[in-house]
Every structure is written in structure tokens, then in C-alpha cells.
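A.B. asks: Heads up, the sequence shown is in this note's numbering, so the first residue is 187 and it goes up one at a time. Virtual Cβ for every residue (Gly too), placed ideally from N, Cα, C.
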Amino acid sequence: MTTAVRRYFCLVLLLAGGNAFAAAPEDTLASQCAALAGFRIPGSSIEIQKAERQTATATTPAYCKVEGTLEPHTGRDNKPYAIGFAVALPDQWNGRMLFQGGGGLNGSVNPPLGAGAAGNRSALARGFAVASTDSGHRGAGFDSSFFDDQQAALNFLYQAIGKVNTVARQLIASHYKRAIAHTYFVGCSTGGREALLQAQRQPLEFDGIIAGAPAMRTNYSNLATRWVTTALNSAAPKDAAGKSLTAQALSASDRKLVVDGLLKACDGLDGVRDGMVFNTRGCRFDPAALACKANKDDSCLSNVQVAALQKAFAGPVNSRGLQVYPGFPWDTGIAASGAGIPGLLNGGMSPVGPSPTGTTMDVDTEAYVAHDGIHMLGDANEWTNLGSFVSHGSKLILYHGVSDPWFSANDTVRYYERLSRDNPQQPVSQWSRMFLVPGMGHCRGGDAALDNFDLLTALVDWVEAGKAPQQVTVTGAAFPGRSRPLCAWPTHAQFTGTGNSDDAANYQCKE
187 MTTAVRRYFC LVLLLAGGNA FAAAPEDTLA SQCAALAGFR IPGSSIEIQK AERQTATATT
247 PAYCKVEGTL EPHTGRDNKP YAIGFAVALP DQWNGRMLFQ GGGGLNGSVN PPLGAGAAGN
307 RSALARGFAV ASTDSGHRGA GFDSSFFDDQ QAALNFLYQA IGKVNTVARQ LIASHYKRAI
367 AHTYFVGCST GGREALLQAQ RQPLEFDGII AGAPAMRTNY SNLATRWVTT ALNSAAPKDA
427 AGKSLTAQAL SASDRKLVVD GLLKACDGLD GVRDGMVFNT RGCRFDPAAL ACKANKDDSC
487 LSNVQVAALQ KAFAGPVNSR GLQVYPGFPW DTGIAASGAG IPGLLNGGMS PVGPSPTGTT
547 MDVDTEAYVA HDGIHMLGDA NEWTNLGSFV SHGSKLILYH GVSDPWFSAN DTVRYYERLS
607 RDNPQQPVSQ WSRMFLVPGM GHCRGGDAAL DNFDLLTALV DWVEAGKAPQ QVTVTGAAFP
667 GRSRPLCAWP THAQFTGTGN SDDAANYQCK E
């Protein structure tokens, strides 16, 4: 019997066992859920704090939600620490498990829904059992005080996912009395970093992984946003103390001028002028084209502004001229000022740490400081040998918003290309695909973006049916009624020239 046939029959049995829960009376389902409060693993410090049945809503089915902690300890700062987790167990289980990645510095257990990169229907709504974790500490926003405790830091950097994964698997198998057929991991930003770490450090644990806008090396991306700010400061007015007013380096009309100039240069490269740039690789925009011939007015940029923009988007280089972090792509979201992190034209504002007010920076020193112990232990940028992951038959999908102002999409492209170089046993396209999302900011959103897409279905089809995703349809609130194909790198969506240009069916993926 082939592996594919065995998997088919295994899944049939799993689905049959899982659906038996849906047929049980409500009081039976409630008692089965409550019984998980007594779940224990010999030799483990697991403590189930709550096991309660959740009623169905318009977007989620009825399910059993289990909340607990692992490995409680008191830190050297005398604060209590533990790895918090939650697992959602749907009545109609489809035999799959999805681990949901975190965000920021974590610090809270997000609802285990599995909504990331899943379009309009979460993993839980599809019947996945879903797990999530706070990665070993509690805190709001970007509270980094937990780094003072060694174990809490290690849990956040990479250990907590593996520990919770082990518990969640056993909890799921105990509840359904069946083994898990397939395991998946989906995350963006910090969750994207966690996703790549699973492929790198736990290569046999997940059959499929989605890594969005991965925070592969946050110290360096923060350095890059400071580089952008410092460059723009050269064109900014000063306050009474001589500090640059970065936000005034470009006026609102200046920012519009830049985006309009970008669209003039690159919008039509994909066959249609629609306020979006899908031919990212073919886009060649230089703000020098907008330089004033005479005095500065709203129709042009000063030479100082042009030089500042060229330097900002080129990315930081050290004193030897070596690129420390890739530059940022020119894209329609660079002027965004709404929800989320502002676009780069607003000053390269990082969500963590103060913005520099000077006009120079010592890149050599800052790069030296960036390469600290946290970087070496928790970042996912350096390791590209995924031989065991590939041999296991697992699949990896990456995605990144081209207008992401925090982590450059160019850095994810660079990582993907290194994956191809460092895993010669199989062509990278046989086990990994990457999708760039024009106009999209960090993980989602964008005034001129289509940011609603379902990569989860694409991943499941690839893992379980061998159907590799060449394109995925994307829509978004910014353009009601419009759809496009997101094409696997290095191809892009190109209009065929016939039919409705707002219909993804009239595009082809082209290099």
C-alpha cells in the first residue's frame, strides 16, 4: 500500500472518529470537555486551569476550549513565569492540528482560532484543532522585561513552541481517541519567525508551515528603520533644540508626488493601470525623476529630498560599503498613515524604541550591537539547511507585504533565494513557495492593497494532495469587487489584455 493510500485511509478513520463527537448530546459533549480539566502527562508540570465548552457563533463552530500552563517558576526578578497555552477542540474534527504563531513579544494567549492567512474561514471553522501560546511570560505591548529571566527568554526565543506542541498533540489524541493525521503551523511577524524556526529546529514536527513577514532578525530591521529615519532627517526642518522633525521631511503633497511618480513608472508594467504594482521585479523607480528644475514647489522634490529618499530606500551600509540589511521596495503603501505601522515616507518609525533625531548614524557600531545573544539564539535568518524538513516531505510557504515598513520584503526574498542555494537535493519549488503581496503593510492592511487570501487551503492541498500552489486569489476591502492572483515568486500577475481587468481569471502568472 502506498504512502498516499495509507494517509487516505488514516484520514477516513480520523474523520469518522471526530464526527462522532458532533453526534453526541450536548450534555455529553460538555462533560467530555470538562473532563479534560484532569488531563495530565506523567512527569510533566502541566496544569489545566479551564476546560469549557464554547457555543457556536457566526464564524466559529461549537468547540471545547482548554487553557493551561506549563513549567511554572519564579524568575530571578521574583516574578512568576509559566508557559500559557490554549487548545481549541472542535466537535467536527477533521483530523488536523494547526499551531498558531504569536506576535510582537507575545505575552498573552491569543484565542486559538487559526485565522492567519486563511481567507474568510479560520482553521477552527474548518475543523482543525488549534493551539496557541504566550511563549512563556505575561506582558502587554513590547514589554521586554522578561528577558531578565533566562528561562523566560529561552522560552520566548524558541523553546515554548516545542513544549506546547508536545502537550497539544497528546491532549488532542486523548480527547478524540485518534492520532493526528497532519500538523500545520501558521504565523506572521513574530509568528513568522516562529514558523521558520520550526522548519529549522524541529524539521520533523510539522507537515506544512506558513511564514508571513517573518521577523527573522528584528535587531537589524530596527537598525534599517533608524537608517530610513536618519536619511529623511537630512531633509527635515529642525526644532528649537536642533533636533530633526522627521515627519516634516516630506509634506503630504510631497508624499503623494512620490507615490504618483512610482505609479507612473511601474503601474502599467503588469498590463493594466489600476493603482497597484504587481510587477515588483520589473519596477525601476528613481525619485530623481521628480527633482525640481528650479525652485521647490508642490510639483517637484528638492535635491535634498531626492538624495534622502534614495539613501533611505537603498538600505543601511557599513563603512566598508557592505549592505547590512536589504533596502525597502518602492510600493504604493510607503505613504500609508492609517492603522498599523506608518509607511516609510512618514519617517521610518519603528514600533519599538525612540526614533533618531540626528542626520548621521554609526552603522558599524549599531550592527555590532545588533548581533547580540538574543539575535544569535532567536533569530531565524542565518539557518538555511532544511534538508531534514525537505526529506520529511514537509512544505513551506512564505508571504510578505511589499509595503511592509518594518521588515523588508527584500529580506524575505533574499532568504528564499538562499534556501534554493543551500538545499540542492531538491529544487526549492518542489517544497517551498513565496508570495509577495503588493500594497500590503505588515502582515495585513494597506490603503491600496488586496490583503485577503487563503494560503491555508493551498498548503493543505500541497501537503495532502501533492498540488503545488502556483497562484492564490487575493481580494481586499481597499478595492471592492476586485480580485487578482498572487503568483509564486518569481512570477507576477500579468493582465492578458482581454476581459474584466478586475477579475483574477483574466490574469496569468508571468516572469
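Quick one: residues in its chain with C-beta nearer than 7 Å to the C-beta of residue 687, no 5 flanking neighbours on either side, listed in chain order?
C.D. replies: For the purposes of this step, residue 687 is taken as the residue at position 501 of the sequence shown. Excluding sequence neighbours, residue 687 sits near 458, 460 and 681.
A.B. asks: Tell me which residues share the same chain as residue 312 and place their Cβ nearer than 7 Å to its Cβ, disregarding the 5 neighbours each side in the sequence.
C.D. replies: Position 126 of the sequence shown, counted from the first residue, corresponds to residue 312. Cβ within range, chain order: 280.
A.B. asks: Put residue 620 into one of helix, strand or coil per three-state DSSP.
C.D. replies: Along the sequence shown, one-based indexing puts residue 620 at 434. Here residue 620 sits in strand by DSSP.
A.B. asks: What distance in whole Å lies between the Cβ atoms of residue 328 and residue 291, which are believed to be in contact at a cut-off of 8 Å?
C.D. replies: Indexing the sequence shown from 1 puts residue 291 at position 105. Indexing the sequence shown from 1 puts residue 328 at position 142. The pair is a contact, with the Cβ atoms about 5 Å apart (cut-off 8 Å).
A.B. asks: Leaving aside the five residues before and after residue 380 along the sequence, list all residues of the same chain whose C-beta is less than 6 Å from its C-beta, in chain order.
C.D. replies: The sequence position of residue 380 within the sequence shown is 194, counting from 1. Hits under 6 Å: 287, 347 and 373.
A.B. asks: From residue 303 to residue 582, what does the alpha carbon distance come to, in whole angstroms?
C.D. replies: As a first step, residue 303 is located in the sequence shown; it is residue number 117 there, counting from the start. As a first step, residue 582 is located in the sequence shown; it is residue number 396 there, counting from the start. For residue 303 and residue 582, the distance between alpha carbons rounds to 13 Å.
A.B. asks: In three-state terms, what does DSSP make of residue 629?
C.D. replies: Here residue 629 refers to the residue found at position 443 of the sequence shown. Coil at residue 629, not helix or strand.
A.B. asks: CB-CB under 8 Å to residue 409, same chain, minus the five flanking residues each way: which ones, in chain order?
C.D. replies: One-based indexing of the sequence shown puts residue 409 at position 223. Here the set comprises 502, 510, 511, 549, 552, 553 and 556.
A.B. asks: Run the CB neighbour count on residue 428, radius 10 Å, all protein chains shown included, and call it buried at 16 or more, exposed below.
C.D. replies: Translated into positions along the sequence shown, residue 428 becomes position 242. The residue in question, residue 428, is exposed, as its Cβ has fewer than 16 Cβ neighbours within 10 Å.
A.B. asks: Take residue 296 and list the residues in its own chain whose beta-carbon comes closer than 6 Å to its own, dropping the five residues that flank it on each side.
C.D. replies: Against the sequence shown, residue 296 aligns to sequence position 110. Cβ within range, chain order: 318.
A.B. asks: Can you tell me whether DSSP reads residue 661 as helix, strand or coil?
C.D. replies: Translated into positions along the sequence shown, residue 661 becomes position 475. Residue state, collapsed to three classes: strand.
A.B. asks: So, helix, strand or coil for residue 612, using DSSP?
C.D. replies: Working through the sequence shown from its first residue, we reach residue 612 at position 426. In this structure, residue 612 counts as coil in the three-state DSSP scheme.
A.B. asks: Which ranges does the alpha helix (DSSP H) cover as unbroken runs of at least 4 residues, wholly within the segment 357-415, from first to last along the chain?
C.D. replies: Listed in chain order, the complete alpha helix (DSSP H) runs (minimum 4 residues) inside the segment 357-415 are 376-387.
A.B. asks: I'd like to check one pair, residue 325 with residue 331: are the Cβ atoms closer than 8 Å?
C.D. replies: The sequence position of residue 331 within the sequence shown is 145, counting from 1. The sequence position of residue 325 within the sequence shown is 139, counting from 1. A contact, by the Cβ cut-off of 8 Å.
A.B. asks: Which residue wins for smallest C-alpha separation from residue 354, given the options 284, 537 and 471?
C.D. replies: Taking the first residue of the sequence shown as 1, we reach residue 354 at position 168. It is 284 whose Cα lies nearest to the Cα of residue 354.
A.B. asks: From the DSSP output, in three-state form, read off residue 560 for me.
C.D. replies: Within the sequence shown, residue 560 is the residue found at index 374, counting from 1. Reduced to three states, the DSSP call for residue 560 is helix.
A.B. asks: Taking the alpha carbon of residue 471 as the point to measure from, which residue in 486, 506 and 447 has its own alpha carbon closest?
C.D. replies: Numbered from its first residue, the sequence shown carries residue 471 at position 285. It is 447 whose Cα lies nearest to the Cα of residue 471.
A.B. asks: In three-state terms, what does DSSP make of residue 576?
C.D. replies: Counting from one through the sequence shown, the residue named residue 576 turns up at place 390. Looking at residue 576 - three-state DSSP - the assignment turns out to be helix.
A.B. asks: May I ask which residues mark the beginning and end of the alpha helix (DSSP H) holding residue 496?
C.D. replies: Within the sequence shown, residue 496 is the residue found at index 310, counting from 1. That run of the alpha helix (DSSP H) goes 489-500.
A.B. asks: Does the structure place the segment 400-414 close enough to the segment 560-580 that three or more beta carbon pairs sit under 8 Å?
C.D. replies: Yes: the two stretches touch, three or more of their Cβ pairs being nearer than 8 Å.
A.B. asks: Assuming residue 398 and residue 673 make a contact with CB atoms under 8 Å, what is their CB distance in whole Å?
C.D. replies: Along the sequence shown, read from residue 1 onward, the residue named residue 398 stands at position 212. Along the sequence shown, read from residue 1 onward, the residue named residue 673 stands at position 487. Contact doesn't hold; Cβ gap of about 17 Å is too wide.
A.B. asks: How about residue 414 and residue 559: are their beta carbons less than 8 Å apart?
C.D. replies: The residue given as residue 414 occupies position 228 in the sequence shown. The residue given as residue 559 occupies position 373 in the sequence shown. Contact flag unset, no.
A.B. asks: Tell me whether residue 202 is buried or exposed, calling it buried when 16 or more other Cβ atoms sit within 10 Å of its Cβ.
C.D. replies: In the sequence shown, counting from the first residue as 1, residue 202 sits at position 16. Low local confidence applies: a pLDDT of 42 at residue 202 is under 50, so the model's placement there is unreliable, with the coordinate-based value given in what follows. Exposed, since its Cβ has fewer than 16 Cβ neighbours within 10 Å.
A.B. asks: Are the C-beta of residue 600 and some C-beta of chain B separated by less than 8 Å?
C.D. replies: Here there is only one protein chain, and chain B is not present.
A.B. asks: Three or more beta-carbon pairs under 8 Å between the segment 637-656 and the segment 571-585, yes or no?
C.D. replies: Yes, the segment 637-656 touches the segment 571-585.
A.B. asks: Indicate whether residue 435 and residue 519 have their beta-carbon atoms separated by less than 8 Å.
C.D. replies: The residue given as residue 435 occupies position 249 in the sequence shown. The residue given as residue 519 occupies position 333 in the sequence shown. No, these two residues do not count as a Cβ contact at 8 Å.
A.B. asks: Which residues bound the alpha helix (DSSP H) around residue 451?
C.D. replies: Working through the sequence shown from its first residue, we reach residue 451 at position 265. Start and end: 438-452.
A.B. asks: What does the alpha-carbon distance come out to for the pair residue 204 and residue 662?
C.D. replies: Your numbering for residue 204 matches position 18 in the sequence shown. Your numbering for residue 662 matches position 476 in the sequence shown. Per-residue confidence for residue 204 stands at a pLDDT of 45, beneath the threshold of 50, marking its modelled position as unreliable; the derived number appears in the next sentence. Going by the C-alpha atoms only, they are around 34 Å apart.
A.B. asks: Can you check DSSP and say which residues form a bridge with residue 585?
C.D. replies: Working through the sequence shown from its first residue, we reach residue 585 at position 399. BP columns for residue 585 point to 398 and 621.
A.B. asks: Measuring straight from C-alpha to C-alpha, what distance separates residue 244 and residue 386?
C.D. replies: Working through the sequence shown from its first residue, we reach residue 244 at position 58. Working through the sequence shown from its first residue, we reach residue 386 at position 200. Their backbone Cα atoms lie some 37 Å apart in a straight line.
A.B. asks: Would the segment 480-488 count as touching the segment 522-539 if we require 3 or more Cβ pairs under 8 Å?
C.D. replies: Flag = no, the segment 480-488 and the segment 522-539 do not touch.
A.B. asks: Can you name, in chain order, every residue of its own chain whose Cβ lies under 6 Å from the Cβ of residue 542, other than the five neighbours on each side?
C.D. replies: Taking the first residue of the sequence shown as position 1, residue 542 is located at position 356. Answer for residue 542: 412, 415 and 416, listed in chain order.
A.B. asks: Considering only residues of the same chain and omitting the five flanking positions on each side of residue 604, which have a CB-CB separation below 6 Å?
C.D. replies: Against the sequence shown, residue 604 aligns to sequence position 418. 570, listed in sequence order.
A.B. asks: Pop quiz: residue 727 and residue 638 are said to be a contact at Cβ under 8 Å. What is the actual Cβ separation, rounded to whole angstroms?
C.D. replies: As displayed, the chain neither begins before 187 nor continues past 697, which places residue 727 out of reach and without an answer.
A.B. asks: Out of curiosity, what's the CA-to-CA distance linking residue 188 and residue 362?
C.D. replies: On the sequence shown, position 2 is the one that residue 188 refers to. On the sequence shown, position 176 is the one that residue 362 refers to. With a pLDDT of 42 at residue 188, under the threshold of 50, the modelled position of this residue cannot be trusted; read the value that follows with caution. C-alpha separation (whole angstroms): 26 Å.
A.B. asks: Evaluate residue 300 with the Cβ neighbour count: other Cβ atoms within 10 Å of its Cβ, from every protein chain shown; 16 or more gives buried, anything less gives exposed.
C.D. replies: One-based indexing of the sequence shown puts residue 300 at position 114. Classification for residue 300: buried.
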